[in-house]
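Under our numbering, the first residue of the sequence shown is numbered 1136, with each subsequent residue one higher.
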Amino acid sequence: MNIAVLNTGLFPDRKMMEDALSELEAFHNVYRCDVTGTAMSDGEWNQVLDELLASDVVVTL
């Protein structure tokens, strides 16, 4: 399974979710992207969109 994780900094219990996602990495493809106020280039956003489109599950933290 492909899982995309977007770190937005808005999820209050991020530590619990990070621990759970770390367990999934042994069995699934996990793509992580930090979008917490960082300036990203168009190419970087295109990569994020490609990963989101290829994902079976999207998790927003």
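Each residue gets a CB set at the ideal place from its N, CA and C atoms; glycine is no exception.
Run of the beta strand (DSSP E) containing residue i, from where it starts to where it stops
i	result
Asp1177	Careful: Asp1177 lies outside any beta strand (DSSP E), inside the alpha helix (DSSP H) at Asp1177 to Ala1189.
Asp1169	Asn1164 to Asp1169
Residue environment, residue i, which counts as buried when at least 16 other CB atoms sit within 10 Å
i	result
Val1192	exposed
Gly1160	Inspection of the sequence shows that residue 1160 is occupied by Glu rather than by Gly. Its Cβ having fewer than 16 others within 10 Å, Glu1160 is exposed.
Glu1179	exposed
Glu1186	buried
Beta-carbon proximity of residue i to residue j, cut-off 7 Å
i	j	result
Thr1195	Leu1156	no
Delimiting residues of the alpha helix (DSSP H) encompassing residue i
i	result
Leu1159	Arg1149 to Leu1159
DSSP-derived helix/strand/coil call for residue i
i	result
Ala1139	strand
Thr1195	strand
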